[in-house]
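Right, one structure below, let's go through it.
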Amino acid sequence: MNTTFAEAIWFLPFVALLTIYVSWTDMKFMLIKNQAVLALMLIFLVIGPFAFSFDVYLWRWLQFLIVLVLGILFNAAGVLGAGDAKYAAAMAPFIAPEDTMPVIFLFSGVLLAAFVTHRIFKFIPAMQRATPDWKSWQEERLFPMGLAISFTLFAYLLLSVLRGAGG
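Going by the numbering used here, the final residue of the sequence shown carries number 168, and the count climbs one at a time with no gaps.
Structure below.
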């Protein structure tokens, strides 16, 4: 991973809290709320200049635009939801361009773990009683992708911090 300890440590506390919120709202409502997308963008907007040089900071906003266009195309093709597309775009500036493939592999693992965990918890009676109104329990064909997307960003930043702290 090419994101440094210093870069990741700036963002991790804020992203961690947002990860929990996005995961909860997507499981409960099957919706990534626009304010969560805006909050993630605001975190990068405000903290980014402290974490990066100004030229890197500006280039990272280009990543947002590229992922947003791809997300719109994937949404139009029915591959993912609009909230997922917007949230992935807001997440893009946090990721070093050189880390694109490692993050895709990380996302694959997180997605598989999130899907299996979600499906297992869906059938645990205590979970059903504790969260009876969660829409994601009722959906047979759909999965709250915000769970996997947000935890991918969290894991990416956490791994960058741990790698930097150990080196």
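Ideal placement from N, C-alpha and C gives every residue a C-beta, glycine not left out.
Boundaries of the alpha helix (DSSP H) harbouring residue 6: 6–30, taken from the DSSP string.
Between residue 55 and residue 11 a beta carbon distance of about 15 Å is seen, past the 8 Å cut, so the two are scored as non-contacting. By the Cβ neighbour-count rule, residue 8 is buried, with 16 or more other Cβ atoms within 10 Å of its own. Within 10 angstroms of the beta-carbon of residue 96 lie 16 or more other beta-carbons, which makes it buried. As for any alpha helix (DSSP H) of minimum length 4 sitting wholly inside the region 22–107, the runs are 35–52, 55–77, 83–92, ordered along the chain. Contact between residue 109 and residue 4 is absent: CB atoms are separated by about 19 Å, not below the 8 Å threshold. Counting along the chain, no alpha helix (DSSP H) covers residue 143, and no H or E run does either. Remark: fewer than three beta-carbon pairs, one from each stretch, lie closer than 8 Å, so the region 128–137 and the region 73–83 are not flagged as touching.
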